[in-house]
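**Q** Residue numbers (the numbering used here): 275 to 632. In this text, a Cβ means the ideal position worked out from N, Cα and C, and glycines have one as well. Can you keep this structure in mind? I'll have questions shortly.
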């Protein structure tokens with residue numbers, strides 16, 4: 275058995291996703307000479323993480339490097355978050371985001387105070403988020419909040435003095451999801467880390483959804499605009515004539531990446547290397563699924579090597595018959611969430627020095 279076969283068997287044995295492509299974090303580390311950009315991570319110390327515009331390409335790659343290190347090594351015994359308490363305050367339903375944050379903390383010996391449902395808090399009695407933020411100052415070292423109100427971040431920060439991580443705010447942003455998305459892409463094709471990615475390895479990125487009303491899509495697109503030289507083109511597929519929204523108008527205008535908008539997915543599907551799909555949009559004060567004509571399935575005319583991404587949860591827009599194919603990057607994408615959030619928490623809580631040989 276040669277070294278490549280041994281590595282493949284080891285990857286399968288340690289796989290965290292049951293189906294789809296298996297991603298090897300060591301390939302990302304090898305591409306960056308096994309080094310982590312510590313200076314970029316230390317700049318996050320004590321910062322609130324609210325919007326992907328806070329990042330630049332260097333920081334995104336540094337977070338991915340540290341996540342790959344955490345995924346490939348057992349650092350639990352070093353207990354880097356020992357003595358730190360995080361409050362996970364979820365005023366909106368969540369499965370993956372809350373549990374992956376809590377897993378990230380507990381695996382590094384941090385502690386969690388969880389609000390799994392906003393209706394069990396004083397909100398049910400009319401208490402303001404500003405007052406809740408005041409109380410949180412006493413209870414924990416960092417707050418991770420999801421809320422259906424886009425303006426919730428500003429409200430809680432009126433009194434909150436602890437770092438705040440935005441886990442989704444209405445139709446606003448979901449910055450940690452975008453970091454998870456790009457961690458998956460950088461593991462899948464590590465050459466994308468480099469500003470001078472070879473032209474044949476650059477990606478034509480397709481996004482099926484409406485960034486203006488889909489926070490995960492909006493945040494993913496915002497980070498993608500930072501990867502000029504790795505992304506050759508972005509095609510937005512949406513049922514709306516103007517799917518972008520005000521938040522992204524200026525970054526799109528300033529980006530050197532060509533961007534096209536179409537409502538016909540079949541017209542462009544054969545050209546796409548990466549297809550990022552989501553159908554859940556926040557419109558007004560509720561969520562709804564967009565048009566089913568954009569559904570991806572085994573019969574879809576995908577390029578043979580194309581990968582499909584999805585922030586999950588999915589509905590009819592992504593068929594389960596893609597799960598057992600190499601097009602499926604979405605399960606590996608979700609499997610990286612714990613490590614990206616660990617990397618961010620260790621950086622924000624100033625515990626990088628607890629990880630040996632960093």
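Apply the 10 Å Cβ neighbour rule to residue 419 and answer buried if 16 or more other Cβ atoms are within range, or exposed otherwise.
**A** buried
**Q** Apart from the five residues just before and just after residue 300, which ones in its own chain have a Cβ nearer than 6 Å to its Cβ?
**A** 346
**Q** Output the distance between the C-alpha atoms of residue 570 and residue 373, rounded to the nearest integer angstrom.
**A** 27 Å
**Q** What do you get for residue 530, buried or exposed, if any count of 16 or more other CB atoms within 10 angstroms of its CB means buried?
**A** exposed
**Q** With 16 other CB atoms within 10 Å as the buried threshold, where does residue 452 fall?
**A** Classification for residue 452: buried.
**Q** Please determine if the stretch 616 to 625 and the stretch 374 to 389 are in contact, where contact requires at least 3 C-beta pairs separated by less than 8 Å.
**A** yes
**Q** Determine the DSSP secondary structure at residue 534, reduced to helix, strand or coil.
**A** Note: residue 534 maps to strand in three-state DSSP.
**Q** What three-state label does DSSP hand residue 506 in the structure shown?
**A** strand
**Q** Mind listing, in chain order, the continuous beta strand (DSSP E) runs of no fewer than 3 residues lying wholly within the stretch 351 to 384?
**A** 359 to 364
**Q** So, for residue 552: in the same chain, excluding its five sequence neighbours on each side, which residues have a beta-carbon less than 7 Å away from its beta-carbon?
**A** In the same chain as residue 552, and ignoring 5 residues on each side of it, the C-beta atoms closer than 7 Å to its own belong to 483, 488, 490, 491, 584, 585, in chain order.
**Q** For residue 520 and residue 401, I'd like the C-alpha separation in whole angstroms.
**A** 31 Å
**Q** If you check the beta carbons only, do residue 352 and residue 628 fall under 7 Å apart?
**A** Yes, they are a contact pair.
**Q** Specify, as a first and last residue, the run of the alpha helix (DSSP H) that residue 302 falls within.
**A** Following the DSSP letters along the chain, one finds residue 302 inside the alpha helix (DSSP H) bounded by residues 299 to 305.
**Q** Would you list, in sequence order, the uninterrupted alpha helix (DSSP H) runs of no fewer than 4 residues that lie entirely inside the stretch 441 to 510?
**A** 449 to 462, 489 to 498
**Q** How long is the line joining the alpha carbons of residue 321 and residue 329, rounded to whole angstroms?
**A** Between the alpha carbons of residue 321 and residue 329 lies a distance of about 12 Å.
**Q** Classify residue 438 as helix, strand or coil using the three-state DSSP reduction.
**A** Looking at residue 438 - three-state DSSP - the assignment turns out to be strand.
**Q** Report the partner residues of residue 602 according to the DSSP bridge assignment.
**A** Per DSSP, the beta-bridge partners of residue 602 are 582.
**Q** Hey, residue 323 and residue 439: beta-carbon distance below 7 Å or not?
**A** yes
**Q** Thinking C-beta only, is residue 443 closer than 7 Å to residue 404?
**A** Taking 7 Å as the cut-off, the Cβ atoms of residue 404 and residue 443 do not count as close.
**Q** Cα separation between residue 534 and residue 365?
**A** 36 Å
**Q** With DSSP run on the structure shown, which of helix, strand or coil describes residue 419?
**A** strand
**Q** From the DSSP secondary-structure annotation, give me the bridge partner or partners of residue 323.
**A** 439
**Q** Residue 486 and residue 546 - do their beta-carbons sit closer together than 7 Å?
**A** No, they are not a contact pair.
**Q** Kindly list the residues whose CB is nearer than 6 Å to the CB of residue 424, restricted to its own chain and excluding five residues on each side of it in sequence; keep chain order.
**A** 443, 444, 445, 446
**Q** Start and end of the beta strand (DSSP E) containing residue 548?
**A** 548 to 551
**Q** Can you tell me which of the three DSSP states residue 593 falls into?
**A** It is coil, neither helix nor strand.
**Q** Count the other CB atoms within 10 Å of the CB of residue 411; is the residue buried (16 or more) or exposed (fewer)?
**A** exposed
**Q** Quick check on DSSP: helix, strand or coil for residue 522?
**A** helix
**Q** Would you report the Cα separation of residue 504 and residue 538, rounded to the nearest angstrom?
**A** 25 Å
**Q** Where DSSP assigns a beta bridge to residue 388, which residues make up the other side?
**A** 362
**Q** Output the boundary residues of the alpha helix (DSSP H) element that contains residue 629.
**A** Neither: residue 629 is in no alpha helix (DSSP H) and is coded neither H nor E.
**Q** Does the distance from the C-beta atom of residue 308 to that of residue 458 stay below 7 Å?
**A** no
**Q** Is residue 532 buried or exposed, if buried means 16 or more other CB atoms sit within 10 Å of its CB?
**A** exposed
**Q** Secondary structure at residue 318, three-state DSSP: helix, strand or coil?
**A** Residue 318 falls in the coil class under three-state DSSP.
**Q** Out of 427, 604, 595, state which residue places its alpha-carbon closest to the alpha-carbon of residue 363.
**A** That would be 427, whose Cα lies nearest to the Cα of residue 363.
**Q** Quick one: residues in its chain with C-beta nearer than 6 Å to the C-beta of residue 593, no 5 flanking neighbours on either side, listed in chain order?
**A** 571
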